[in-house]
Amino acid sequence: MVIWFASGNEHKRVELAAILPEAELRIPEDAGIDFAPEEDGETFLDNALLKARALYRIVSEPVLADDSGLCVDALGGRPGVRSARYGEECGRLLDAVERNALLLRELGAERNRAARFVCAMALIAGEHRFFAVQETLEGEILREQRGSGGFGYDPLLYLPAQGRTVAELPAQLKNRLSHRAKAARALRKLIIK
Ligand code: IMP
């Protein structure tokens, strides 16, 4: 079964391939497709669906897409769908360490540190057929960055059950616990009979 993955992220493709061994995963780059749709949806699911639909229109075969980010309760769910662009207002895209520092400043001494990574995943199976799921990885925002693994906001999100931040987890464990892995496993149950 060929499934296209509407992403340029090779790291995500490897993660997904381990969870969906039945699928032959292809990304736009494999076919020389220049794919960079505007991710201007209001929700993670909007963005996952718009990416999947955009690639489906080109390849006419099943397409999977995801969209993810960090939602912090005390910030009203921000940075949310704008996680990759958080802090952009400063005039340029910040790197991950700067972005994390900005989030810590914005949260200040706030006592409610509850936050989660969220991942929406959608599979367009045909013109009028799609499956969609959304999963989370729940944690708390620390008062400083900790750990050097992973990427993005990983050094900020502490997982009480693991006693570590996501950036302190071995890669294989993160790939089992993550919002993306949970969403991919849930989607697999829907599509593999
Ligand atoms: P996208 O789904 O690849 O567009 O991810 C959007 C942004 O959310 C990334 O640039 C990261 O800042 C953040 N993000 C998503 N997943 C993770 C994760 O597993 N760890 C850390 N940051 C993440």
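Here the working numbering is used: the first residue of the sequence shown is 374, the next is one more, and so on. Ideal placement from N, C-alpha and C gives every residue a C-beta, glycine not left out.
Give me the Cα-Cα distance between residue i and residue j, rounded to the nearest whole angstrom.
i	j	result
E397	A390	8 Å
V470	G525	8 Å
A421	E483	32 Å
I376	R399	6 Å
L476	E415	21 Å
A557	Y459	25 Å
E508	H501	24 Å
E541	R519	7 Å
G499	V432	11 Å
L423	R386	19 Å
Per DSSP, which one or two residues make a beta bridge with residue i?
i	result
I400	Looking at the DSSP assignment, I400 forms no beta bridge with any residue, so it has no partner.
G512	A488
V375	E397
V506	M494
Would residue i be called buried (16 or more neighbouring beta carbons within 10 Å of its own) or exposed?
i	result
M494	buried
I514	buried
Can you tell me the Cβ-Cβ gap for residue i and residue j, rounded? I've got them flagged as a contact below 8 Å.
i	j	result
N473	P528	6 Å
E388	R553	6 Å
F417	S441	7 Å
L496	A404	Contact doesn't hold; Cβ gap of about 19 Å is too wide.
L480	A457	Not really, about 19 Å apart at Cβ, beyond 8 Å.
I564	F504	6 Å
Review point. Counting Cβ pairs, one atom from each stretch, are 3 or more of them under 8 Å apart for the stretch 403-410 and the stretch 471-490?
Key: Segment contact: the stretch 403-410 against the stretch 471-490, fewer than three CB-CB distances shorter than 8 Å; contact not assigned.
Exercise for review: Mind the definition here: the stretch 531-546 touches the stretch 449-466 only if three or more C-beta pairs lie below 8 Å; say whether that holds.
Suggested key: no
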